[in-house]
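A.B. asks: The listed protein sequences correspond, in order, to chains Z and D.
If you count the first sequence from 1, position 169 lands on 169 in my numbering, and the numbers rise without skipping.
If you count the second sequence from 1, position 361 lands on 361 in my numbering, and the numbers rise without skipping.
Just so it is clear, CB atoms sit at the ideal spot from N, CA and C, and this is done for glycine as well.
Please read these numbers as outputs of a predicted model, since none were measured by experiment.
Questions regarding the structure given below will be posed in turn.
2 protein chains.
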Amino acid sequence: MAARKSARNGGRSKEGTAAVAAVADGPAAVAPRREGGGTVTLRQVAAKVGLSPATVSLVLNQAPTAASIPAETQARIFAAARELDYRPNYLARSLRSRRTFSLGVLVPEISEPYAAEVMSGIEGHLLETSYHYLVASHRRSNVSLLHEYLDLMRDRAVEGLILVASELHEEPSLPAVVVSGHVPLAGVTNVIIDHDRAASLTLRHLQELGHERVAFLKGQPGSSDTEDRWRAYREAAAGMGFTFHPELTVQLSGEPALATFSPADGYEEGHAFARVLLDRGARFTALVAFDDVSAIGAIRAFLDAGLRVPEDVSVVGFDDIQSAAYHNPSLTTVRQPLREMGALAARLLLERIAGGETKPEAFVTVEPQLVVRGSTAPARREARKRR
Amino acid sequence: MAARKSARNGGRSKEGTAAVAAVADGPAAVAPRREGGGTVTLRQVAAKVGLSPATVSLVLNQAPTAASIPAETQARIFAAARELDYRPNYLARSLRSRRTFSLGVLVPEISEPYAAEVMSGIEGHLLETSYHYLVASHRRSNVSLLHEYLDLMRDRAVEGLILVASELHEEPSLPAVVVSGHVPLAGVTNVIIDHDRAASLTLRHLQELGHERVAFLKGQPGSSDTEDRWRAYREAAAGMGFTFHPELTVQLSGEPALATFSPADGYEEGHAFARVLLDRGARFTALVAFDDVSAIGAIRAFLDAGLRVPEDVSVVGFDDIQSAAYHNPSLTTVRQPLREMGALAARLLLERIAGGETKPEAFVTVEPQLVVRGSTAPARREARKRR
DNA sequence: CTACTTGGCTAAATCGATTAACTAGTGATA
DNA sequence: TATCACTAGTTAATCGATTTAGCCAAGTAG
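Written out as structure tokens, the structure is:
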């Protein structure tokens, strides 16, 4: 019951659904399952109490005007609404009041662990509000498809947008928050982690383990984190005396393998690009992958090639997805608090929607954390590559 | 462009959005970004062409009545709509026509790979229709929360429901499809895999490898597949001469560990319950887990206990989630075509919504497939447990 | 005694579409 | 010539709420 209450009006009780939520509450026994055909309308509730629909609406919504209505009448109204199991028509209500209590969430692909965890965070926050959300995956196709979806969401009258790991290049027509976005746009808040800190944590760890030749897997061009993370690693590497060998870097889906457009790509890509590295005959003792998924794919490639992880090659991921700790070897990775970032994005967006004209922060930064597990170990003196 | 077209009217072009979609098409250059304040309404389009809103609506929707309107007039209307970048108000339209083109999807937890893949399949199918969907995770809390969400979805005027791995015990007020559901209810279609076949494939594989003492991890009580899968394994085991030792079976979240209510539970639970097995001192050479996630958690427990997988213990999962192939050892598992099941569920549901009164199948079955990978191997003669 | 407030409520416009029923004109048919 | 069918639309009701403006009665200040 407690959960039910908070799910309906938590935090925004001023917003008008409060009273109606209260009506809908109560033991199911009292509220008869709507049986014969039609749904119950406001008009019917009004008829039952012998008042006008206007009055009933004002009371159920606890409108300021309703203050002058005696408590006894209000009670009668609430009682009638409950008895009939009145549930306001969402469409009619939204049409008139221009509030839909829904958000649009755009992700690259809903089945990727990264997106799924962020969405879980978003959901966790929305649970305490009366908001719902629509989802769409743009599948990293092209920019116009993303805009297409933005339009579709707007058509559905969402009040705000959360983009996950998706680059926005044009100011959207609605309040928006971008998780892992890096483009400053008016009206857009970006929730990002401190990539410089992430890079220095990672590289210091590898340096302490004695690694000198470190390979890098750069992210997909479509991913909004790709460039900033890349810049951060390059700068940190330079600052710490690592040489950034071109032959030791590979970009995910540069041009090839773009044909394989299955959503399962992440692991496969990591695998394929680790193979590229191996085929080049590049010498390295550690790999810094773009994310956990590609790290896991790369590890498979190394193992298949007869290399041991971490004895022959250390691997560092990024994200700390749920399975990272359970992989074997367990993955050393930079933890992004994905769930928290999702919740934060949702909170910021709702604040903006509620708050009106306050100019939003362009960037909100959260801290990364290096989680050292089993995929990193001291560098071998001489990185001998078998096969 | 092609994607856009199909995303709008694919397959259901009779449904009324077709013409409007066509209007919304066309180069962005032609359609000026809606600048000053208000949105464009039907009335404004009508004013521009000097006709009544009714006519414009009829034409844009390609209503049968519009057949009598000359092509030239229709062209003028379309042109005006495009020029103004007219986009019909979703709420008004839905309120009147009682069609919302949205579905509700209920999952246990959106971040679980199982749910995420099914949703990806649902999405893939909906992409070719004009439907969108709302999601909610009931987090396996209690039955009433699930009903609460069903009501919430109905309030939002979804036209149908897809429940994923969630048990429905009461006939819902809307058309519904349950993925992995096992309760036959009027108006509900269940999409399931053939668990008997899954069980016999699994056990035959283990038998061929010489395993005799096989442990089983039963699923969570909240999961809709739990009982049927369990029954199938028991029956298959009996039929094949396996003895089903009570001490070799553990149920996920029986009573303990229910306190740990984090969504990350899956792996942890598998881990915890493999520990239970080990602590019992039970002798076994193979473990059949409820799903891949618990299998992976269990493998971690075995490795931590100094057992080797598959040399000392073979492990079989269920589902074949994306990461299963990339785990180390790669996971032998029963593949459920999750994406296809999601797409199938979406298709069946839309057919029912479109088809009206055709009584739906109670069950639609898809075939499992045993995917043999690295986590199973011949049984050791004497399963010696270290530690 | 008038004017003004306050309490308790209602009428009616409105949100932006859809759609059944109807009109008015024209040509063909019986 | 009356009837019918067709063309090319229009009118107006409706979906189910929200919300502004205002009505009437009772009380109160001046």
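One question on the structure: do Z:Q322 and D:Y267 come within less than 8 Å of each other, judged by their Cβ atoms?
C.D. replies: A contact, by the Cβ cut-off of 8 Å.
A.B. asks: Using C-beta distances below 7 Å, list every residue in its chain close to D:V118, excluding the 5 sequence neighbours before and after it, in chain order.
C.D. replies: Excluding sequence neighbours, D:V118 sits near V164, V179, L338, M341 and G342.
A.B. asks: Applying a beta-carbon distance threshold of less than 8 Å, which residues of chain Z neighbour D:N328?
C.D. replies: I299, R300, L303, H327, N328 and P329, listed in chain order.
A.B. asks: Against D:E247, what residues of chain Z qualify as contacts under a CB-to-CB distance less than 7 Å, listed in chain order?
C.D. replies: The contacting residues do not exist; D:E247 stays about 26 Å from chain Z at best.
A.B. asks: May I ask which residues mark the beginning and end of the beta strand (DSSP E) holding Z:Y114?
C.D. replies: No beta strand (DSSP E) holds Z:Y114; the alpha helix (DSSP H) holding it covers P113 to L126.
A.B. asks: Does the Cβ of D:P108 have 16 or more other Cβ atoms within 10 Å, making it buried, or fewer, making it exposed?
C.D. replies: With 16 or more other Cβ atoms within 10 Å, it is buried.
A.B. asks: Leaving out the 5 sequence neighbours to the left and right, which residues in its chain are closer than 7 Å to Z:P378 when beta-carbon positions are compared?
C.D. replies: For Z:P378, where only same-chain residues beyond five positions count, the Cβ hits under 7 Å are L209 and G210.
A.B. asks: Could you tell me the alpha carbon to alpha carbon distance between Z:L248 and Z:A305, rounded to whole angstroms?
C.D. replies: Going by the C-alpha atoms only, they are around 17 Å apart.
A.B. asks: Where does D:V372 fall in DSSP's three states?
C.D. replies: Three-state result, D:V372: coil.
A.B. asks: Taking C-beta to C-beta, are Z:L217 and Z:A286 nearer than 8 Å?
C.D. replies: No. Outside cutoff.
A.B. asks: Against chain Z, does D:E128 count as a neighbour if the rule is that its beta carbon must be under 8 Å from one of theirs?
C.D. replies: No, no contact with chain Z.
A.B. asks: From D:E269 to D:G297, what distance separates their C-alpha atoms?
C.D. replies: Roughly 7 Å separates the two Cα atoms.
A.B. asks: Where does Z:A379 fall in DSSP's three states?
C.D. replies: Reduced to three states, the DSSP call for Z:A379 is coil.
A.B. asks: For a test of the three-state rule: what should DSSP assign to D:Q207, helix, strand or coil?
C.D. replies: Note: D:Q207 maps to helix in three-state DSSP.
A.B. asks: Can you grab the Cα-Cα spacing for the pair Z:L106 / D:V214, in whole Å?
C.D. replies: For Z:L106 and D:V214, the distance between alpha carbons rounds to 44 Å.
A.B. asks: Starting from D:K409, follow the beta strand (DSSP E) in both directions and report where the run begins and ends.
C.D. replies: Any question about residue 409 of chain D goes unanswered here, given that chain D covers just 1 to 387.
A.B. asks: Give the interface partners of D:Y267 over in chain Z, defined as CB-CB distance under 8 Å, in chain order.
C.D. replies: Neighbours of D:Y267 on chain Z, chain order: Q322, S323, A325 and Y326.
A.B. asks: If you count every other CB in all the chains shown that lies within 10 Å of the CB of Z:M153, and 16 or more means buried, which is it?
C.D. replies: The residue in question, Z:M153, is buried, as its Cβ has 16 or more Cβ neighbours within 10 Å.
A.B. asks: Are the C-beta atoms of D:L344 and some chain Z residue less than 8 Å apart?
C.D. replies: False, the Cβ-Cβ gap to chain Z never drops below 8 Å.
A.B. asks: Since I believe Z:L307 is in contact with Z:R373 (beta carbons under 8 Å), could you give me their beta-carbon distance rounded to a whole number of angstroms?
C.D. replies: Not confirmed; about 18 Å, so no contact.
A.B. asks: Measure the beta-carbon distance from Z:H182 to Z:S224 and round it to whole angstroms, keeping in mind my assumption that it falls under 8 Å.
C.D. replies: Confirmed, Cβ separation roughly 6 Å.
A.B. asks: I need the straight-line Cα distance from D:A236 to D:T333, nearest angstrom please.
C.D. replies: Going from the Cα of D:A236 to the Cα of D:T333 covers about 17 Å.
A.B. asks: Rounding to the nearest angstrom, what Cα-Cα distance links Z:L185 and Z:L348 in this structure?
C.D. replies: Cα to Cα, Z:L185 sits roughly 16 Å from Z:L348.
A.B. asks: Can you check DSSP and say which residues form a bridge with D:Q251?
C.D. replies: Beta-bridge pairing links D:Q251 to D:K218.
A.B. asks: Taking its Cβ as the centre, do 16 or more other Cβ atoms sit within 10 Å of D:P310, making it buried, or is it exposed?
C.D. replies: By the 10 Å Cβ count, D:P310 comes out buried.
A.B. asks: Between Z:H169 and chain D, is there a C-beta pair that is closer than 8 Å?
C.D. replies: It does not: the Cβ of Z:H169 has no partner Cβ on chain D nearer than 8 Å.
A.B. asks: Comparing C-alpha positions only, which one of D:L58, D:G239 and D:H327 sits nearest to Z:D292?
C.D. replies: Of D:L58, D:G239 and D:H327, the residue nearest in Cα terms is D:H327.
A.B. asks: Between the stretch 144-167 of chain Z and chain D, which residues of the former have a C-beta closer than 7 Å to a C-beta of the latter?
C.D. replies: Flagged, chain order: L145, E148, D155, R156 and A157.
A.B. asks: Quick check on this structure: which residue in D:E367, D:S375, D:E351 and D:R380 has the alpha carbon closest to the alpha carbon of D:V188?
C.D. replies: Closest option to D:V188, Cα to Cα, is D:E351.
A.B. asks: Would you mind giving the Cβ-Cβ distance between Z:I122 and D:S120, rounded to the nearest angstrom? I have them listed as a contact below 8 Å.
C.D. replies: Actually they do not touch by this definition, with Cβ atoms about 17 Å apart.
A.B. asks: I want to verify the contact list: residues of chain Z whose CB lies under 7 Å from the CB of D:Y114, in sequence order.
C.D. replies: Within 7 Å Cβ-Cβ: nothing; D:Y114 doesn't reach chain Z, min ~10 Å.
A.B. asks: Whose Cβ in chain Z lies nearer than 8 Å to the Cβ of D:E117?
C.D. replies: Here the neighbours are S111.
A.B. asks: Exposed or buried, which one is Z:S169 when buried takes at least 16 other CB atoms within 10 Å?
C.D. replies: Just to set this straight, residue 169 of chain Z is His in the shown sequence, not Ser. It is exposed - the Cβ of Z:H169 has fewer than 16 other Cβ atoms within 10 Å.
A.B. asks: Between the alpha carbons of Z:N9 and Z:R87, how many angstroms are there, rounded?
C.D. replies: In this predicted model, Z:N9 has a pLDDT of only 34, less than 50, meaning its place in the structure is not dependable; the value taken from the coordinates is given anyway. Spanning the two alpha carbons is a distance of roughly 15 Å.
A.B. asks: If you follow the alpha helix (DSSP H) that Z:D57 is in, where does it begin and where does it stop?
C.D. replies: In the sequence as presented, Asp is not what sits at residue 57 of chain Z; that position holds Ser. P53 to L60 is the extent of the alpha helix (DSSP H) around Z:S57.
A.B. asks: Does DSSP classify Z:G239 as helix, strand or coil?
C.D. replies: DSSP places Z:G239 in helix when its eight states are reduced to three.
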